[in-house]
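Residues 144 to 780 in this note's numbering are what the sequence shown lists, from first letter to last. Where a beta carbon is used, it is the ideal one built from N, C-alpha and C, also for glycine. Computed from a predicted structure; not experimentally measured. Scroll down for the structure; my scribbles are underneath it.
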Amino acid sequence: MLNIHNISVAFGGEYLFEEIAFRLNAGDRTGLIGKNGAGKSTLLKILNGDMEPDTGTIASDKEVKIGFLKQDIDFHQGRTVLEESYQAFEEIKKLESGLAHINTQLVERTDYESDGYQQLMIDLNDLTERYEILGGYNYQGDTEKVLQGLGFLRQDFDKLTDTFSGGWRMRIELAKLLLQNNDVLLLDEPTNHLDIESIIWLEQFLRNYPGAVVIVSHDKMFLDNVTNRTIEISLGRIYDYNKPYSKYLVLRAEMKEQQLNAQKNQEKQIQQTEKLIEKFRAKASKASMAQSLIKKLDRMDRIAVDEDDNSVMNLRFPVSITPGKVIAEMENLTKNYGAKEVLRGIDLLVERESKIAFVGQNGQGKTTLAKILVGELEHGGTLKLGHNVQLGYFAQNQADYLEGEKTIHDTMIDAANEKNRSKVRDILGSFLFRGEEVDKYVKVLSGGERNRLALAKMLLQPFNVLVMDEPTNHLDIKSKNVLKQALQSFEGTLILVSHDRDFLQGLTDTVYEFKDGAIKEYLGDIDFYLEQRNAENFRKIERKEKAAIEKKNSKSGNDYEKQKKLKSLNNRLGSIEKKITALERQIQEYDHQLLMDYDKTVADTSFFDTYHGAKKQLEKLMEEWEDVSSDLEGYSF
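Shown next as structure tokens:
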């Protein structure tokens, strides 16, 4: 599909990568990994054609379609969810416009025998045929199915995209990529703004994707679940193996061990040969042999061991002072955004040294409660902070609060006080900002570098309670591991909002799930929570609850009636789906009839009554389908 041949990119005289080459084939699900600033996002831009390499070429098969999911999505203001999703069908939308223009002319013109009129009929036939080939009669239904599969409700379709959070906008963009049937997918940190449920959906989709996929991600579990190939950019070169991330690490370690052993054996050979050269050089009769050995050494290819970039930040969160036993107490806490109720009647007691995770879909109130806790949002109900509580807060968009026109050093100096101002350079050094790097402007930093700076800035303030909202976004895997180790050693109280399952493992001992304005407590870590919810597919959570209750109630003899009711609902749903399919096919025929013979169709006075009647009937069937589906999902045995 794509053949990358000896491409190089340099900035400021230093190579990001030099003369790298690889090929992408259908079925490759490639994890593109490396430290922040290694050049991963740059490589994706080059593959997408947004940027030219300094040297080298990229060749592709004919008419390869590439879809690119960027880190930052820029939606057109004023579009609804459906309108934005329809942007996936650029050619179909152009054909619709062309067909509408031709039909208007056919209605208005009366020169039926003219060449111009005949040409319009030919154009109408050509455009209609192309429209049908591209799936013009099905794309609206396909779009609605995909959006519903991604968690959108039918009532969300006509809402403006401006009203949705970043995670939900990301789902719209994913829907567009899915509907486009691209040959190559380029995904730059796709999990950054997704909740756990949508990450699992994305894993399932990508595992079945027939084209080539290149994923930049720092989510180890996501990479292991999706990829079958890993390309690492390190110190300007690439390492390419047909293994998912964790298996790749094992293979790389084994190969490096083999290189070290081979290098040691070669060194022994060289030392023995050099001894022989010294021994033979002193004897005239052996001089020619000595020269032969010298030439042999000169021709020898010296075995080099691959270099690794093992520089990582050094992070420790000290506790300022010991607070009281109760950190925070919430009673009947509520929060509304206009008419939308996000939190309702929340009662929560946070005790000293608690390790808590907030999980749940985007928009369910996780970030809202974190902001209320640190005093950034007004709310209903009561919130009381305990004695000597000092809160440290890392916001989901913490890096956005940094001023782009300031240097790294100035950013830290301005946040420091008299006691810790002298430690600024040491702190920056521990976060890998060393030497002249501290004079870089914030605006030129990568997302991961900004997050590191935001973490460094936090250490200038005292705290004994740490509230962190998606702190791993943009951090590379090594930096995430360092952050996790620091949080495991933190002796204060920790509240984490995160979608990263691997990061959360072993880090918290209590999980609160946010759903429908309420929270539910799980006394265990993220693995315990996933196990309890039986949530390999979070979309089936409510259905799994049904099965659990069914097992319990079967002991009371009610199983037969419950099973009978479930079977009835399934039969009813199947019947409705058959009617919807038949009606959609009939409406397509009406649309085709309208396009092919507009005048004759319009002359039939009963046509539009039948046409609009069919559409109304379809609308009722869709509402009935949604009601029955809801009954099935929420049905309790």
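Its Cα nearest to that of G635, the residue P466 stands out among G259, P466 and Y280. Taking every protein chain shown into account, the CB of D362 has 16 or more other CB atoms within 10 angstroms, so this residue is buried. Scanning its chain for C-beta atoms nearer than 6 angstroms, with the 5 sequence neighbours on each side dropped, one finds around Y274 the residues L238, in chain order. Cβ contact annotation for N335 (same chain, cutoff 6 angstroms, sequence separation greater than five): N616, in chain order. Secondary structure at M473: strand, using DSSP grouped into helix, strand and coil. Using a 10 angstroms sphere on the CB of P196, the tally of other CB atoms reaches 16 or more, which defines it as buried.
Looking at the backbone, the Cα of A430 and that of R395 are separated by about 44 angstroms. By the 16-neighbour rule on beta-carbons within 10 angstroms, S184 is buried. Contact between F646 and K627 holds, since their C-beta atoms are separated by about 6 angstroms, short of 8 angstroms. C-alpha of A471 to C-alpha of G756: approximately 59 angstroms in a straight line. In the DSSP assignment, F671 falls within the unbroken alpha helix (DSSP H) covering I669 to R676. Positions of the alpha helix (DSSP H) runs, each at least 4 residues long and wholly inside the region 234-292, are given as 258-276 and 282-292 in order along the chain. The region 144-156 and the region 194-210 touch, with no fewer than 3 CB-CB distances between them shorter than 8 angstroms. For V357, the secondary structure class from DSSP, reduced to helix, strand or coil, is strand. The closest CA to that of Q729, considering only L709, V502 and Y754, is found on Y754. Counting only runs of 4 or more residues that sit fully inside the region 520-582, the alpha helix (DSSP H) segments are 551-558 and 567-573, in chain order. D326 is not bridged by DSSP to any residue.
Restricted to the region 178-214, the alpha helix (DSSP H) segments that are unbroken, complete and at least 4 residues in length are 183-191, listed in chain order. Counting C-beta atoms within 10 angstroms of its own C-beta, L440 has fewer than 16 neighbours from the protein chains shown and is therefore classed as exposed. Burial is judged here by how many other beta carbons sit within 10 angstroms of a residue's own beta carbon; M264 has fewer than 16 and is exposed. Sixteen is the threshold: since fewer than 16 other Cβ atoms of the shown chains lie within 10 Å of the Cβ of R564, the residue is exposed. Taking the CA atoms as reference points, V369 sits about 9 angstroms from I358. As far as DSSP is concerned, N616 takes part in no beta bridge. Using a 10 angstroms sphere on the CB of D770, the tally of other CB atoms stays under 16, which defines it as exposed. With respect to the 8 angstroms criterion, T373 and I515 are not classified as neighbours on the basis of their beta carbons.
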